[in-house]
Amino acid sequence: MAGSNVRVAAEIKDLTRIERIGAHSHIRGLGLDDALEARKVSQGMVGQKEARKAAGVILTMIREGRIAGRGVLLAGQPGTGKTAIAMGMAKALGDATPFAMMAASEIFSLEMSKTEALTQAFRKAIGVRIKEETEVIEGEVVEIEIDRPATGSVAKTGKLTMKTTEMETIYDLGVKMVEALQKEKVQAGDVIAIDKASGKVTRLGRSFARSRDYDAMGPTTKFVQCPEGELQKRKEVVHVVTLHEIDVINSRTQGFLALFAGDTGEIRAEVREQIDAKVAEWREEGKADIVPGVLFIDEVHMLDIECFSFLNRALENELAPILVVATNRGITRIRGTAYRSPHGIPIDLLDRLLIISTSPYEEPELRTILDIRCEEEDVEMADDAKELLTKIGAETSLRYAIHLITAASLIATRRKAATVEVEDVSKAYQLFIDVRRSTQFLIEYQDQYMFNELPEGVDQGNGEAMEA
Ligand SMILES: Nc1ncnc2c1ncn2[C@@H]1O[C@H](COP(=O)(O)OP(=O)(O)O)[C@@H](O)[C@H]1O
Ligand SMILES: [Mg+2]
Numbered sequence: 001m002a003g004s005n006v007r008v009a010a011e012i013k014d015l016t017r018i019e020r021i022g023a024h025s026h027i028r029g030l031g032l033d034d035a036l037e038a039r040k041v042s043q044g045m046v047g048q049k050e051a052r053k054a055a056g057v058i059l060t061m062i063r064e065g066r067i068a069g070r071g072v073l074l075a076g077q078p079g080t081g082k083t084a085i086a087m088g089m090a091k092a093l094g095d096a097t098p099f100a101m102m103a104a105s106e107i108f109s110l111e112m113s114k115t116e117a118l119t120q121a122f123r124k125a126i127g128v129r130i131k132e133e134t135e136v137i138e139g140e141v142v143e144i145e146i147d148r149p150a151t152g153s154v155a156k157t158g159k160l161t162m163k164t165t166e167m168e169t170i171y172d173l174g175v176k177m178v179e180a181l182q183k184e185k186v187q188a189g190d191v192i193a194i195d196k197a198s199g200k201v202t203r204l205g206r207s208f209a210r211s212r213d214y215d216a217m218g219p220t221t222k223f224v225q226c227p228e229g230e231l232q233k234r235k236e237v238v239h240v241v242t243l244h245e246i247d248v249i250n251s252r253t254q255g256f257l258a259l260f261a262g263d264t265g266e267i268r269a270e271v272r273e274q275i276d277a278k279v280a281e282w283r284e285e286g287k288a289d290i291v292p293g294v295l296f297i298d299e300v301h302m303l304d305i306e307c308f309s310f311l312n313r314a315l316e317n318e319l320a321p322i323l324v325v326a327t328n329r330g331i332t333r334i335r336g337t338a339y340r341s342p343h344g345i346p347i348d349l350l351d352r353l354l355i356i357s358t359s360p361y362e363e364p365e366l367r368t369i370l371d372i373r374c375e376e377e378d379v380e381m382a383d384d385a386k387e388l389l390t391k392i393g394a395e396t397s398l399r400y401a402i403h404l405i406t407a408a409s410l411i412a413t414r415r416k417a418a419t420v421e422v423e424d425v426s427k428a429y430q431l432f433i434d435v436r437r438s439t440q441f442l443i444e445y446q447d448q449y450m451f452n453e454l455p456e457g458v459d460q461g462n463g464e465a466m467e468a
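Just so you know, the sequence shown maps onto residues 1 to 468 in the UniProt record's numbering.
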């Protein structure tokens, strides 16, 4: 650890970053070339070139650390790729930059206060890059000897002989080390690293010297050189954890397991203060840097005035992440007030946002997106069926057409056909209109009309009663 009682854990990071993608699993980036121009079809992205290019410019600013205290608004009709572009940005940023995403409405359903939910979201989007010096023993295993105690006790001990090109040493093994080596299935001829502080064993590969010993080794076996120099080395390791992860791990009432369950509850202010102080100390000592990440809030018009003023204030913070928000609303009432505003966002916050707008797709683009989704879902579809689906997409919505892919493919499977034909798509289309799911669909897509200016006094359907 970076030398303190504040705990961090890099290993659990991957598990906590559960992305809610599914519908966007085909998006692998923004699909831009080196000059930041959007390629027609690339990394799962199709068309919407201007918006993708703009998103790419924002990414460059993020990477260069030049966008602190500001944010981005993705505005456009439903199904025009706003969420897809945000996902593309996340992918393009890579694992070393935290990206937290949430739908604004989650704030009202979590069992915690709105400000706590937003604070957690912000802290999920702020990374701490921690540099640690660790002592490792790195070398080629010459021999492992495990003692079999005659008394029948289970505790095993043993000896491990390791070498570099220059030296050879015998280490005594305790129970824990024997277990760690067995767990990694370490054998003579492996090149391994042992972290002295934690006892963690990492297999780096097979020694080249042993490459001819076994014919039976699989093609995945990685061969490495026997290390040179001393067996014991100092190594610098770097990992990025989020402030939220550090919060949770150090929260006495919750601890580790809460991160897996995703059920973190409220975190006490003292815990955060302690962690912020510690991180500041690490920064001063050069042990850690802050990595501002991205906080993406989808359907941002669902936030209310209290949340908006929280965002305004939070963006002033020295440690603020980049805020990316998306909405499909036009001029609408700001929740919790009687006032209307573009996108339902207060003017003072809007003022901080760079606006990227997305526009509806033409049929060729719809067709290409549907092609990509078919491939993504492993669905074989005939050309004329795809044409029909494209027409449906143009007349209803892209998302609806994407939903029909799965439905049509199930129908095709039921008649034992390998390829989805026109009849399957049209059957799925009828089913969808008739059953409850289609009702749900209509409710969801009434948003489509939200861009129309409604007469004064008519609320644009935030789903709540007028308060004014
Ligand atoms: N330009 C695009 N390229 C590839 N897929 C897209 C594109 N735009 C939208 N999609 C896909 O279409 C579906 C609907 O788009 P989405 O991003 O959810 O729209 P929005 O957030 O604007 O309502 C998603 O599955 C999304 O991944
Ligand atoms: Mg969306």
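The beta-carbon is built from N, C-alpha and C at its ideal position, and this holds for glycine as well.
When you compare only the Cα positions, how much space is there between residue i and residue j?
{"i": "G79", "j": "C374", "result": "17 Å"}
{"i": "A121", "j": "R234", "result": "36 Å"}
{"i": "G49", "j": "Q274", "result": "Contrary to the premise, residue 49 reads as Lys rather than Gly in this sequence. Approximately 45 Å, taken between the alpha carbons."}
{"i": "F99", "j": "D298", "result": "13 Å"}
{"i": "R206", "j": "K185", "result": "12 Å"}
{"i": "E145", "j": "K156", "result": "10 Å"}
{"i": "A86", "j": "A96", "result": "17 Å"}
{"i": "K416", "j": "I405", "result": "16 Å"}
{"i": "V41", "j": "A51", "result": "14 Å"}
{"i": "A314", "j": "L32", "result": "31 Å"}
{"i": "H24", "j": "P342", "result": "27 Å"}
{"i": "G65", "j": "P321", "result": "10 Å"}
{"i": "P176", "j": "T134", "result": "Looking at the sequence shown, residue 176 is not Pro but Lys. K176 and T134: Cα-Cα distance of roughly 19 Å."}
{"i": "G229", "j": "V141", "result": "15 Å"}
{"i": "K183", "j": "R203", "result": "11 Å"}
{"i": "M302", "j": "R335", "result": "7 Å"}
So is residue i buried or exposed if we call it buried at 16+ other beta carbons inside 10 Å?
{"i": "S397", "result": "buried"}
{"i": "V46", "result": "buried"}
{"i": "G293", "result": "buried"}
{"i": "V324", "result": "buried"}
{"i": "I62", "result": "buried"}
At a cut-off of 7 Å, is residue i close to ligand 4 when judged by its beta-carbon and the heavy atoms of the ligand?
{"i": "T406", "result": "Within the structure as shown, ligand 4 is missing, the only ligands being ligand 1 and ligand 2."}
For residue i, which beta-bridge partners are listed by DSSP?
{"i": "K185", "result": "Answer is none; K185 lacks a bridge partner."}
{"i": "E383", "result": "Residue 383 is actually Asp in this sequence, not Glu. Note: D383 sits in no beta bridge, so no partner."}
{"i": "A288", "result": "I130"}
{"i": "E236", "result": "E133"}
{"i": "T161", "result": "E143, I170"}
{"i": "R333", "result": "R340"}
{"i": "R206", "result": "D190, F223"}
{"i": "S309", "result": "Its beta-bridge partners do not exist; DSSP assigns none."}
{"i": "T368", "result": "Its beta-bridge partners do not exist; DSSP assigns none."}
Is the distance from the Cβ of residue i to the Cβ of residue j below 8 Å?
{"i": "T419", "j": "E387", "result": "no"}
{"i": "T164", "j": "G139", "result": "yes"}
{"i": "R333", "j": "R340", "result": "yes"}
{"i": "K82", "j": "A326", "result": "yes"}
{"i": "V224", "j": "V201", "result": "no"}
{"i": "N250", "j": "V279", "result": "no"}
{"i": "K124", "j": "T242", "result": "yes"}
{"i": "M112", "j": "E266", "result": "yes"}
{"i": "T161", "j": "E143", "result": "yes"}
{"i": "I356", "j": "L59", "result": "no"}
{"i": "L431", "j": "A394", "result": "no"}
{"i": "L353", "j": "G69", "result": "no"}
{"i": "D172", "j": "V136", "result": "no"}
{"i": "K91", "j": "I27", "result": "yes"}
{"i": "A428", "j": "E421", "result": "no"}
So, helix, strand or coil for residue i, using DSSP?
{"i": "M167", "result": "coil"}
{"i": "E143", "result": "strand"}
{"i": "L295", "result": "strand"}
{"i": "A155", "result": "coil"}
{"i": "I356", "result": "strand"}
{"i": "A261", "result": "Bear in mind that a pLDDT of 49 at A261, under 50, signals an unreliable position, so the number given afterwards is only what the model happens to contain. It is helical."}
{"i": "S426", "result": "helix"}
{"i": "L73", "result": "strand"}
{"i": "I402", "result": "helix"}
{"i": "E179", "result": "helix"}
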